[in-house]
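The structure appears below as structure tokens.
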Amino acid sequence: MLRLNKNIICQFCGSGASVRKHGKSKSGMQRFWCSSCSKTFQNDYIYTSWEHQVKTMMMDFLSQGLSTDEISRKSGWPVRRVNKIILSLELDKA
Ligand SMILES: [Zn+2]
Numbered sequence: 001m002l003r004l005n006k007n008i009i010c011q012f013c014g015s016g017a018s019v020r021k022h023g024k025s026k027s028g029m030q031r032f033w034c035s036s037c038s039k040t041f042q043n044d045y046i047y048t049s050w051e052h053q054v055k056t057m058m059m060d061f062l063s064q065g066l067s068t069d070e071i072s073r074k075s076g077w078p079v080r081r082v083n084k085i086i087l088s089l090e091l092d093k094a
């Protein structure tokens, strides 16, 4: 299984281990602080960045000409999830 944690990856340095909760923004969004690069960010950015990572990885698998079964084996994601991500990539292109 790939180590992707959608809750606590720092959008600046990619560190997952040094991120702490850091209060909330005016809009009520959870804020985080990364102790390895000393930056703060909000969790909507993390989600975007996690999505982006998954899609980048998936495009890489597809560019290698792998089938969904092979991608599922390599990534540890269920085939259904692989198909869903591929579908969302195709929607992005449209
Ligand atoms: Zn950081």
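Just so you know, full-length UniProt numbering puts 51 at position 51 of the sequence shown, and the rest follows in order with no gaps. Ideal placement from N, C-alpha and C gives every residue a C-beta, glycine not left out.
Cut-off 8 Å between Cβ atoms - residues of its own chain near Phe32, not counting five sequence neighbours on either side: As a working mapping, residue 32 is identified with position 32 in the sequence shown. Counting only Cβ-Cβ distances below 8 Å, and skipping sequence neighbours, we find Ile8, Cys10, Val19, Arg20, Lys21, His22, Thr40, Phe41, Gln42, Asn43 and Ile46.
How many Å lie between Gln30 and Cys37 at the Cα? Here residue 30 is taken as the residue at index 30 of the sequence shown, counted from 1. Here residue 37 is taken as the residue at index 37 of the sequence shown, counted from 1. In a straight line, the C-alpha of Gln30 is about 18 Å away from that of Cys37.
In its own chain, which residues sit with a C-beta less than 8 Å from the C-beta of Val82, not counting the 5 before and 5 after it? In the sequence shown, residue 82 corresponds to position 82, counting from 1. Correct list, in chain order: Met58, Thr68, Ile71, Ser72 and Ser75.
Out of Arg80, Lys55 and Ser63, state which residue places its alpha-carbon closest to the alpha-carbon of Leu89. Numbered from its first residue, the sequence shown carries residue 89 at position 89. The candidate whose alpha carbon is nearest that of Leu89 is Lys55.
Does the Cβ of Phe12 lie closer than 6 Å to at least one heavy atom of ligand 1? Locating residue 12 in the sequence shown gives position 12, where the first residue counts as 1. Checking every heavy atom of ligand 1 against the Cβ of Phe12, one is found closer than 6 Å.
Which residues in the same chain as Cys13 place their Cβ atom closer than 6 Å to its Cβ, once the five residues preceding and following it in sequence are excluded? The residue you call residue 13 lines up with position 13 of the sequence shown. Once the five neighbours on either side are set aside, the close Cβ partners of Cys13 are Ser36 and Cys37.
Per DSSP, the bridge partner or partners of Lys39: Here residue 39 corresponds to residue number 39 of the sequence shown, with the count starting at 1. Partner(s): Cys34.
Range of the contiguous beta strand (DSSP E) that encloses Lys21: Counting from one through the sequence shown, the residue named residue 21 turns up at place 21. Per DSSP, Lys21 belongs to the beta strand (DSSP E) from Val19 to Lys24.
Report the start-end ranges of each alpha helix (DSSP H) in the UniProt domain "DprA winged helix" (66-92) that is 4 residues or longer and not cut off at the edges. 68-75
Under a three-way DSSP split, which group does Met29 fall into? As a working note, residue 29 is residue 29 in the sequence shown. Three-state DSSP puts Met29 in coil, outside helix and strand.
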